[in-house]
Every structure is written in C-alpha cells, then in structure tokens.
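See below for the structure under consideration.
Right under this line is the structure:
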C-alpha cells in the first residue's frame, strides 16, 4: 500500500532522473482567477507528462532479476510513453499494448522511446488483457498498471513532495491543490504527500463534464462510474471509474470534485500558451480551467494546479489556439 | 563595464525574484541533431523572455532616490515588458515609449504590467529619442537601454551563471552554447559568465538570414550593420548593429556567428512545442534551429541553446503550428 514512506523512497530512486518541474505563475492568470494561481508544470517532465514519475518508480522498484525480463503496459497514451522511457533508461525491454486506432504519433513516439508496440483491434473484440496474459506467460514481463499500482502511485506522489517544498518556499501554508484526475494515481499520490508535508493544502480533483466518475464517487462515498465510453476531448483522463487502490485515498483526503466544460478547457489551453508559454493537452488543462473559472467553488487563498500533460495532437492543438 | 563581479552582484540582487529556468532536453531532438541538445528555457522567465533579467538588474541597481523617480525605456517588445514588470515589482513608475504600430497585444501587456505607455508615430517622423529626452527632463526618470547598459548585460549574464551550474551538474565541461542574438546583451552576458565559470563552453551567436549584423561584425572584427529595416519574422532580435558595449565582449569571447533560415526557425518552433512543450517566438527559436539543422558548423560535443522568448503573436503562432 502506498504511504509517505513509499513516496519518499520513490523520490530517492528518482533523484537525478525525474525532473523537478517548476511551479510557475503569471500576474495575468492571477487577475483572471482573482487570487494567486500557481501551475505545476508537469508538461516539462520527461515524455511530456507526470506519467514518467510513476513509470520510473515502478520499473526502478522491481527486483533486478525480475526487471531484466522487461515490463509490459496497456496504454493508448501518456502511461505508454512513461513506462517505455523508464524501461529504456534501465536498459530493459518493454512491450506496450496499444489500440490499433490510437493516434499514429503516439504509437510512433512509444516505439521511438524504445518499446515494442503490440497493436490490438479495440472494435474487433480482441481483449488486450488476453494479449497481456500471453506476453506475461511467454516472457515473464512485469505488468505496470497505469494507476492501481502502489509503486506507480508512489511515483506520482513525488510531484506532491515537490509541491509541498515549493509552496513552503513561497510561504504558502494554506490553499487548494487542483489535480487533473483520471484513475486517480496522481491525485492520490499528491494527497498522501501533502498530508505528510503540507497538511494545510487541500486536494480537489478536477474532471471534464460528462466524465466525472471521481466527483460522483466522492459524493457517493463509493466507487461509481460515469457510464460513458472511454473516448472524448480530454482523452488522457477519461477512465471509467476511480481505482481500487486510489479511491480510498481520495475518499479519505480530498475535497469534493470539480467539473469543467470543454470550452473552459480550451480557454485554459490558450492561456497556458500565452501566459505561461506551455503546451498543455486537454486532459492536462482541466485543473487550470477550474482554477481560472470555478473560483466560487474553492476556499479562499492561493490555488496550485497541475498541468499534467502536454502531448496534444499537433493539428488539433493548432486549431484550438487559432480559435482564440 | 560589465565583468563577472557585476554579473554575480546582479545574481545576488535577483535571488528569489528572477526565476532559475530549467535546462530541458528530449531524446527526439538529440536524434535530429545527432548529439545531445539542451534548451535553456528562458520562455519560462517572468514576462516570457530573458529580458526580465536585464530589466530587474538595471532597476535594482539604481540608487533608491533615483529609482523612486521611475524608469523609462524604448521598446516595441520584450524589453518593454521586462522593464515594466521590474519597475512594478519595485513599486516605482515606468514609462515605455512604443511605436504606435506595435502589436496591440504587446502594448496591452506592457500597460497591464504597470507601465505608462507613450505611443509615437514611427512612420510620421516623430523621434522616440526626443520624446524620451523630454520625459527625462520633466520627470527625472532613468533610461534603461535594451542592451548597451552595463547592468542590463550583467542581468542577462545571470542566465550564463545558471548554464554554467546546470552543465556542471550534468558533467558537461566542453561544448557549444548557441544564443539568440539581437543587440548582443544576452550573448555578451552569457559569454562573460562562462568565461569565468565554464571556460570549456564556447558561445556562438545565432541570427536569422538577412539580419546577420553580428556574424558580419565578428567576421570583420568591427561593428557592421546588415543594412535592412528593423522589421521581419524574427522581430525580437532584428537590431541593426551590435552594441557599443556588447561587441567588444562578443569579439573577444565568441566563435563565429551562425545564420538560419526562416523555414528552419518555423520547424524549430514546431519541435519546441511537440518535444519540449514550450511556446517559443521566432526570435527565440533561432538558436534551437542552429542546434538542430547546422550541426556541420559546430564543434563536436553537446550543444546548449537559449530559447530566449515566448511572446509569439497567437494567430501567427497557431498558423505556424498548423503548417507542420
């Protein structure tokens, strides 16, 4: 089970590899929000998202003999790249099982980061779990799950340790931390780190409209799905339900979920580009959208929001900037 | 005159205000360049460019009584915002004299950062120097020049101190530092800092095709202009001639200048967005363009390039990304 000891151990293993990402701000964003806003720039992490933290943590935590056989992941996006690059830096093989209809660029990037990619037919009834089980049986590779894995959550928690240190350096002891929330790995890791090192900061998960399984689950006190297909504008964070390991942590430590609209996400992406000079993908911009446009739902005081990923499709991203 | 002592004093005054910007990299860029490439992300500096370093240095170096009367600058771009924000943080007034045909967004941003903006008619024969002299006489404000100012060069040199420390931490002792070069303030400051703290790193200034006054001057051994109007794609760095203070430093310390094409700059901007998740303006991308596409002109070994500014016009920027 992930606890602060496991997170601190992940940070020790991450030293010199995982980037400490900056906490950025702009007077223009403060003015829109009516309060100080700080952006935790995880888009600057290796592979363009916080997922490298969890990938590195999980791969580096494996016993050497087991690690040497390689690692395996299912992912159509950022987790794929995070695990592939973590494996490559450890000089061990990785296999990523991706849907055949994933964006060509993400498949290409995952291969370029050193992974063997196995494509499966999402519509045609092929089960990625069956492919994964076969690969595990044949090659003895370790499966790295995207969020329901204690060492992955611990890795994402290193982002929370940095937020605790960076806010302390700014003299911030009370405030709200908004996280971009899919399966809850980043949110749970940050919440555990802040519980130990910055208990005056309250974590509030943010999701896009229609995909608010975490907000619903927090309100209901139990894991609840949103009942929608796993596809949409904020593709990086559209998990059907909070995780088995992550939800109890969220339930114990987080405030209520916040839901933002797609238009708010687009405007947050444009403001991240013009005011912070950062490329943020839709799923990575929901927390900033909440900071800027949902202030009424937040307690007074400064807000820290994760910009959790920047792997936007170039054409779609250009169109969003052009529409501003 | 700027020397390492003045730069280190500027760094002391900058502590806790000027951001230490990260040195970023991507295996995808390394592959294109065929060598390790590191990007000094000055787009993440306050006001979106390294110019805040020089502005802060100059304003903070003024005697208190003089500073209280305020500061004055001529600029259509990044220097305006850097000086305006430095003055605002010191709670002293600033006047920025800008051409009436400057982009509306840059005028608006400069005002929003606390400056009083005086517009002049560039085509109609109004002399900005006359307006400036009148303001100085009436209000006793100190003029902060964009590059030919010892304290401004010292402030830009703090970027070089950071490069020296960051490369040392990576174990890099030999290599090339490519700078985006206009009047030479950043290039001179970095060259002085590296001379003292990382003498194995050679600075090479980079300019856009047709505006290569620094490359020509270095080749000629004396200040030489490019003879073109001060307008074009890489607007932030289109000065007519190297500075009186900066050129002797460049001449003593820098290698030959490098010239890049506009198409190379556009491709570098797209790669900065897709691989580093950074918004870079044309003038801020010339050094990366040289790192990626002019390797034959460089000594072997790693390359560090400044991404010196990110204040791109949103519409033009979106069009460049869309054309990729």
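Protein chains in written order, with this note's numbering: chain A, 1 to 324; chain R, 1 to 324. Using N, Cα and C, we set each Cβ at its ideal position, and we do this for glycine too.
DSSP three-state assignment for residue i, whether helix, strand or coil
i	result
residue 248/R	helix
residue 34/A	coil
residue 199/R	coil
residue 343/A	Examination of residue 343/A is not possible in this model, given that chain A is present from 1 through 324 alone.
residue 92/R	coil
residue 80/R	helix
residue 233/R	coil
residue 280/R	coil
residue 306/R	strand
residue 98/R	strand
residue 108/R	helix
residue 179/A	strand
residue 118/A	strand
residue 163/R	helix
residue 24/A	strand
residue 223/R	coil
residue 258/A	strand
residue 49/R	strand
residue 228/A	coil
residue 293/R	helix
residue 143/A	strand
residue 285/R	coil
residue 207/A	strand
residue 298/R	coil
Residue i versus residue j - alpha carbon distance
i	j	result
residue 208/R	residue 242/R	14 Å
residue 131/A	residue 117/A	12 Å
residue 28/A	residue 69/A	50 Å
residue 104/A	residue 313/A	10 Å
residue 275/R	residue 270/A	18 Å
residue 229/A	residue 294/R	47 Å
residue 33/R	residue 288/R	10 Å
residue 185/R	residue 172/R	24 Å
residue 54/R	residue 90/A	42 Å
residue 211/A	residue 317/A	21 Å
residue 18/A	residue 310/A	16 Å
residue 74/A	residue 25/R	26 Å
residue 260/R	residue 319/A	28 Å
residue 71/R	residue 5/R	24 Å
residue 251/R	residue 273/R	33 Å
residue 176/A	residue 101/R	42 Å
residue 45/R	residue 190/A	26 Å
residue 84/A	residue 144/A	11 Å
residue 223/R	residue 151/R	21 Å
residue 214/A	residue 227/A	12 Å
residue 323/R	residue 282/A	21 Å
residue 138/A	residue 244/A	28 Å
Within chain B, partners of residue i - CB distance below 7 Å
i	result
residue 37/R	Protein chains A and R are contained in the structure displayed, whereas chain B is not.
Neighbouring residues, chain R, relative to residue i (Cβ below 9 Å)
i	result
residue 364/A	Residue 364/A lies beyond the residue range present for chain A, which begins at 1 and ends at 324; the question has no answer from this structure.
residue 29/A	Per Cβ cutoff of 9 Å: no residues; residue 29/A is ~12 Å from chain R at best.
Within chain R, the residues that residue i reaches when beta carbons sit closer than 7 Å
i	result
residue 44/A	22, 24 and 277
residue 318/A	318, 321 and 322
residue 48/A	277
Contact belief for residue i with residue j at Cβ below 8 Å, rounded distance in angstroms
i	j	result
residue 246/A	residue 188/A	4 Å
residue 14/R	residue 56/R	6 Å
residue 179/A	residue 146/A	About 15 Å separates the two Cβ atoms, so there is no contact after all.
residue 30/R	residue 36/R	5 Å
residue 58/R	residue 149/R	6 Å
residue 124/A	residue 87/A	So it is not a contact: roughly 28 Å between Cβ atoms.
residue 306/R	residue 153/R	Their Cβ separation, rounded to whole angstroms, is 15 Å, which puts residue 306/R and residue 153/R out of contact at 8 Å.
residue 110/R	residue 96/R	5 Å
residue 236/R	residue 182/R	7 Å
residue 303/A	residue 234/A	That pair is no contact at about 19 Å.
residue 43/A	residue 40/R	No, residue 43/A and residue 40/R are not in contact; Cβ-Cβ is about 17 Å, not under 8 Å.
residue 122/A	residue 99/A	4 Å
residue 174/A	residue 301/A	5 Å
Residues that residue i contacts on chain A, provided the C-beta gap is smaller than 7 Å
i	result
residue 273/R	279
Where residue i meets chain A, residues with beta-carbon distance less than 9 Å
i	result
residue 314/R	270, 273, 274, 321, 322 and 324
residue 112/R	27, 28 and 31
Under 8 Å from the C-beta of residue i: neighbouring residues of chain A
i	result
residue 310/R	277
Counting pairs of Cβ atoms below 8 Å between the stretch 163–177 of chain A and the stretch 199–208 of chain A, do you hit three or more? yes
Decide yes or no for the touch test of the stretch 156–165 of chain R against the stretch 60–74 of chain R: beta carbon pairs closer than 8 Å, at least 3 of them. no
Stretch pair the stretch 40–57 of chain A + the stretch 77–93 of chain A: three plus CB contacts closer than 8 Å: yes
May I ask you to verify whether the stretch 254–272 of chain R touches the stretch 217–229 of chain R, counting CB pairs closer than 8 Å and requiring at least 3? yes
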